[in-house]
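In our numbering, the protein residues as written are 295 to 665.
Positions of the beta carbon are idealized from the N, C-alpha and C atoms, including for glycine.
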Amino acid sequence: FHGWVRHYLFYFINAQLAGLGRNESQFRQAFATLLSRYCLANCALAGLIYYLRENEVHVTFSGEGHALMSLMVSYLVVSKVYLAFDRYMNARCATGQAFSTLRELHEQVLTFTARNLTPDAQAWREIAKRSIVELLLMTISILKDERKAIYLARAEETKTNEDPMSSAQSLRLHLYVRSDTYLPEELALLEKSKMLDLLNVYLAAYRELLKLASTPLPFPLVQMGRTFLFLWTFTIPFALVGIVDELYSVILFVFFLTYGFIGLEFVSMKMLHPFGDSKNDLNLEGMGQAVMIGIDRDAQAFKDFVLKEGPVLMERRYSPKLVVARDGKNKYDPVFEPNTSFGQATFTSSYAEPDGDREHHQGHSYEAMGP
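Written as structure tokens, this is what we have:
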């Protein structure tokens, strides 16, 4: 019998709370309506019990046992609110870390390749930028759809082809392997390691977000806590009427106790799902948009830097007086050939392989250099 009552109360309460919705206006309206219904219903119950007592019909019980039960209910409610708030803040911190790391990764890509200004290097940077933005948008899509998160976490719910882990692996291969193909000069190992470290930081934050998005609170904790909460709340009138003589005091106490405990339960329910669409949820689209705007600004700053400092850097780099030595041998002697046309500078370097098999020529133009 106890199990039947517990399950009935739990599913009845869940059916009532399902009307809260995920939209902010719907949530506010449903929250106020449902909470006021519980408060008024409990106050009406207190009035009925008071009326019965005045007519010598006693249905009250001692408040001592009810007071002892209030300790357990208070602990359950407060602990659940604490868990919900901790979960909300962990989601916010992990989201900020993941998104900011992707922007920093793009900045490192631009910085480490600032001296590589060939069309192939520019194409390599564009692919890296597009991959980073796609990874950002895919992360937002996974977090917004709980079914996708559950599928990626434990292969349940709706199947999805979106997987930030696979996209991150493709980006890792592009940064580490394709840089040797696209860039005229190979990146240093420490530079590659720095970019891969940032990608690993993003993946650690993404795994934390996936865990939060796909793992609810344990069902027994939610069931028992909510059942005891509603049983205790709606037995308050039976305890108060027996110790308080004035009707208005009883109704006042019942109203605010119901409002406080049921309201905290609603708050914890709302914070347990921080990836919704309401005003109090995490604004993933806004945070992602801010990161993409920052990436575009970084790309524009890189373009301005190249147009201003590029010719100077290349003049120093490909000066006839400069001879680069590797392994104790002179590999090449660059030649600087400026183009005197206004608003354009072209730099050409030629060098021979150590065995003299063939020559390499590289041309650099800054007229239409983009990010």
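Collapsed DSSP secondary structure at residue i in the structure displayed
i, result
"residue 528", "coil"
"residue 414", "helix"
"residue 612", "Its pLDDT being 48, under 50, residue 612 is placed unreliably by the model, and nothing is read from it."
"residue 356", "coil"
"residue 442", "helix"
"residue 478", "coil"
"residue 454", "coil"
"residue 569", "coil"
"residue 512", "coil"
"residue 466", "helix"
"residue 592", "helix"
"residue 343", "helix"
"residue 642", "A caution first: residue 642 carries a pLDDT of 37, below 50, which makes its placement in the model too unreliable to give a value."
"residue 664", "Here the model assigns residue 664 a pLDDT of 47, short of 50, so the residue's position is not dependable and the matter cannot be decided."
"residue 619", "Confidence at residue 619 is low in this model, with a pLDDT of 41, below 50, so its placement is unreliable and no value can be given for it."
"residue 603", "helix"
"residue 419", "helix"
"residue 408", "coil"
"residue 491", "helix"
"residue 507", "helix"
"residue 559", "helix"
"residue 449", "coil"
"residue 523", "helix"
"residue 430", "helix"
"residue 497", "helix"
"residue 575", "coil"
When the options are compared against residue i, the one with the closest alpha-carbon
i, options, result
"residue 537", "456, 332, 344, 364", "344"
"residue 390", "445, 485, 577", "577"
"residue 394", "501, 496, 600", "496"
"residue 374", "600, 512, 552", "512"
"residue 569", "370, 330, 435", "435"
"residue 527", "347, 350, 327, 368", "368"
"residue 530", "539, 545, 519, 516", "545"
"residue 422", "442, 515, 589", "589"
"residue 448", "461, 509, 486", "509"
"residue 370", "340, 523, 333, 350", "523"
"residue 474", "494, 414, 334", "414"
"residue 583", "397, 340, 339, 330", "397"
"residue 383", "595, 494, 574, 411", "574"
"residue 483", "406, 338, 385, 360", "406"
"residue 472", "348, 499, 603, 418", "418"
"residue 547", "340, 517, 385, 328", "340"
"residue 330", "600, 550, 567", "550"
*How about the stretch 473-491 and the stretch 368-388: do they share at least three Cβ pairs that are nearer than 8 angstroms?*
With the cut-off at 8 angstroms, the stretch 473-491 and the stretch 368-388 do not touch.
*Does the stretch 352-366 come close enough to the stretch 522-535 that 3 or more CB-CB pairs lie under 8 angstroms?*
The answer is yes - the stretch 352-366 touches the stretch 522-535, with three or more Cβ pairs under 8 angstroms.
*Report yes or no: do the stretch 482-497 and the stretch 453-470 share at least 3 C-beta pairs separated by less than 8 angstroms?*
Using a C-beta cut-off of 8 angstroms, the stretch 482-497 makes contact with the stretch 453-470, since at least three inter-stretch Cβ pairs fall below that distance.
*Are at least three pairs of beta-carbons, each pair with one atom in the stretch 436-445 and one in the stretch 502-509, less than 8 angstroms apart?*
Contact between the stretch 436-445 and the stretch 502-509 is present, because at least three Cβ pairs lie under 8 angstroms.
*Do the stretch 545-559 and the stretch 425-432 touch if we need at least three Cβ pairs shorter than 8 angstroms?*
Taking a contact to require three or more Cβ pairs closer than 8 angstroms, the stretch 545-559 and the stretch 425-432 do not qualify as touching.
*Does the stretch 358-366 come close enough to the stretch 396-411 to have 3 or more Cβ pairs within less than 8 angstroms?*
Verdict: no, contact absent.
*Which whole runs of the alpha helix (DSSP H) in the stretch 350-402 are 4 residues long or more, in chain order?*
DSSP runs (the alpha helix (DSSP H)) wholly in the stretch 350-402: none.
_Segments assigned beta strand (DSSP E), at least 3 residues, entirely inside the stretch 528-555_ = For the stretch 528-555, not a single whole beta strand (DSSP E) run of length 3 or above is found.
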